[in-house]
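FYI, in mature numbering (1 follows the signal peptide of the UniProt record, and there is no 0) the residues of the sequence shown are -29 to -1, 1 to 425. Notes follow once the structure below has been shown.
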Amino acid sequence: MPMWPSPMKCQRILFYSVMLLFSSARIHCAISSDGEALLSFKTMIVGSDGIFLHWRQEDPDPCNWKGVTCDTHTKRVIYLSLANHKLIGSLAPEIGKLNRLKLLSLHGNSLYGTIPPELGNCTDLQQLYLQGNYLSGIIPLEFGNLLELETLDISSNALSGSIPSSLAKLTKLKSFNASMNFLTGTIPSDGALFRFTENSFVGNRGLCGKQVGIECKDGSLSPSANSESPSPGSPPSRKNSTKLVISAVATIGALLLVALMCFWGCFLYKKFGKGDIGGLAVDVSGGASIVMFHGDLPYSSKDILKKLETLNDENIIGSGGFGTVYKLSMDDGNNFALKRITKTNDGLDRLFDRELEILGSIKHRYLVNLRGYCNSPLSKLLLYDYLPGGSLDEALHERSEQLDWDARLNIIMGAAKGLAYLHHDCSPRIIHRDIKSSNILLDGNLEARVSDLD
């Protein structure tokens, strides 16, 4: 008679067969290297509008993920389009592993930190859009490896340092925008960057070169940096002494301007009080102009003016010494805070315009950033980012749910970083003379933003 295996052996055979099938399925469904790189990118993002909801390790095909487009034959990622999705976080170095990428669109978010030099490995890249974030640090030298690049927009960030000469090698570059940053030094005058005009560099006070019509002094890389330090024991040069005097005068001048603005605000408050909170239709119907400091908002002046005309008392979310604050809601769901300041006389208005230019050039992750302003016949209308978390004062004293110590420490660190930026990194430096809990606002993640710089 034939020998049949025992029931125990049958169970073992069945178990190993099932395990083998699962192992084969896992190997067959293993996520691609591009998918792994995208998941690494996702882990560095701490907030969004939900676009990453279906970016999962369990889905082996990243080509089905929202914002991702793949080549139909190679299944490699060629387009990554995540603009205006409220992304908060930093850029993972693994993004450089997407080396078949042709388009990377991350503009209009709240990305911070440095641009990873590994991005220079994406040598097929043709269009790179990083504008309208809080990216800091230098422009990577490795950008010079992107020889297929046709469009490079890094405007409206907080980038510093010089423009690397390696960008001169980008002979296919048709559009370049590095405006509204803190770049310094000589703009490379040869190669690809020579044909771009002042508009590509506006808002960088430390840049010099033919493109901006500013001669670089003494052939140095920067009018205010990169000069050689004196040797130990040598007396300070007359040039350095002059620079110290100029810096001191500039700082004192800035402080006087801020003090004058504070006086002006108090005057307005006493004269007009909190009762001057009528609708804004009268303000803008008689003619108005809009000045935008960061070109990263997807709205035209007409769109914004149309919304301004609908604001009334029901949209008021606060008032203070500098005016009334309204909540401005756009059709796409984005919200902004609009501060209305009543005009007084032309002399103070001109001074205020100059101060607005300084404040408008500032952009930092831990500040409530001034987006622009509307100069109407009756008042100044200042457009800021809207912070849904309210003020720290409200969070501490007016809400039933108490902030835990981790949240408090995080808020303290954020406010300190914002103040340190104002007091040490701005040029000219800006001294915040009214720091208090009501002037520290919170976003939806309880991240602090210092407000009322004006």
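Glycine included, C-beta positions come from ideal geometry on N, C-alpha and C. Computed from a predicted model, the values in this text were never measured in an experiment.
Following the DSSP letters along the chain, one finds LYS273 inside the alpha helix (DSSP H) bounded by residues 272 to 279. Rounded to whole angstroms, the separation of the alpha carbons of ASN80 and ARG311 is 26 Å. Secondary structure at ALA139: helix, using DSSP grouped into helix, strand and coil. Residue nearest to LYS143 within the set THR155, ASP95, LEU154 is ASP95 (criterion: CA-CA distance). Counting along the chain, no alpha helix (DSSP H) covers THR94, and no H or E run does either. Following the DSSP letters along the chain, one finds THR40 inside the beta strand (DSSP E) bounded by residues 39 to 41.
Rounded to the nearest whole angstrom, the C-alpha separation of SER11 and ALA163 is 33 Å. DSSP places ILE411 in the strand class (E or B) of the three-state scheme. Within the model, the alpha-carbon separation for ILE333 versus ASN340 is close to 7 Å. Across the structure, LEU279 and GLU89 are spaced so that their CA atoms are roughly 43 Å apart. With respect to the 7 Å criterion, LEU123 and LEU99 are classified as neighbours on the basis of their beta carbons. Sorting LEU268, HIS335, GLY180 by C-alpha distance to the C-alpha of ASN305 places LEU268 at the top. Within the stretch 338 to 422, the runs of beta strand (DSSP E) at least 3 residues long that lie entirely inside it are, in chain order, 341 to 346, 350 to 356, 411 to 413, 419 to 421. Rounded to the nearest angstrom, the Cβ distance from GLY156 to GLY177 is 7 Å, consistent with a contact under 8 Å. The DSSP-derived three-state label of LEU309 is strand. The beta carbons of SER52 and TYR83 sit about 20 Å from each other, so the pair does not count as a contact at 8 Å. Taking all protein chains shown into account, TRP376 has fewer than 16 neighbouring C-beta atoms within 10 Å of its C-beta and is therefore exposed. Contact check between the stretch 391 to 404 and the stretch 365 to 376: fewer than three CB pairs, one atom from each, fall below 8 Å, which does not count as touching. Ranked by how close their Cα comes to the Cα of TYR337, the residues VAL421, SER408, ASP364 have VAL421 in first place.
In the DSSP assignment, LEU75 falls within the beta strand (DSSP E) that extends over 74 to 76. Assignment of THR122 by DSSP, reduced to helix, strand and coil, places it in the strand class.
Assignment of PHE12 by DSSP, reduced to helix, strand and coil, places it in the helix class. Per the DSSP secondary-structure output, CYS179 pairs in a beta bridge with THR157. Annotated three-state conformation of SER171 is helix, per DSSP. Counting C-beta pairs closer than 8 Å gives three or more between the stretch 7 to 22 and the stretch 55 to 63, which meets the contact rule. Around GLN28, the same chain offers ILE2, LEU10 as residues with beta carbons nearer than 7 Å, after the five sequence neighbours per side are excluded. Cα atoms of VAL183 and GLU169: separation of roughly 5 Å, rounded to the nearest angstrom. Counting other Cβ atoms within 10 Å of its Cβ, SER160 stays below 16 and is therefore classed as exposed. With a threshold of 16 other beta carbon atoms within 10 Å, LEU112 falls short and is exposed. Under the 10 Å beta carbon count, PHE264 is surrounded by 16 or more other beta carbons and is classified as buried.
In the same chain as ILE16, and ignoring 5 residues on each side of it, the C-beta atoms closer than 6 Å to its own belong to LEU58, GLY60, in chain order.
By alpha-carbon distance to LEU330, the top candidate from ASP364, HIS403, ASN148 is HIS403. The straight-line gap separating the alpha-carbon atoms of HIS25 and CYS34 is approximately 11 Å. Considering only SER272, ILE110, ASN410, the residue with the shortest C-alpha distance to GLY343 is SER272. Minimum Cα-Cα distance from LEU276 among the listed residues ILE287, LEU353, CYS41, ILE288 corresponds to LEU353.
In the three-state reduction of the DSSP assignment, SER19 falls in the coil class.
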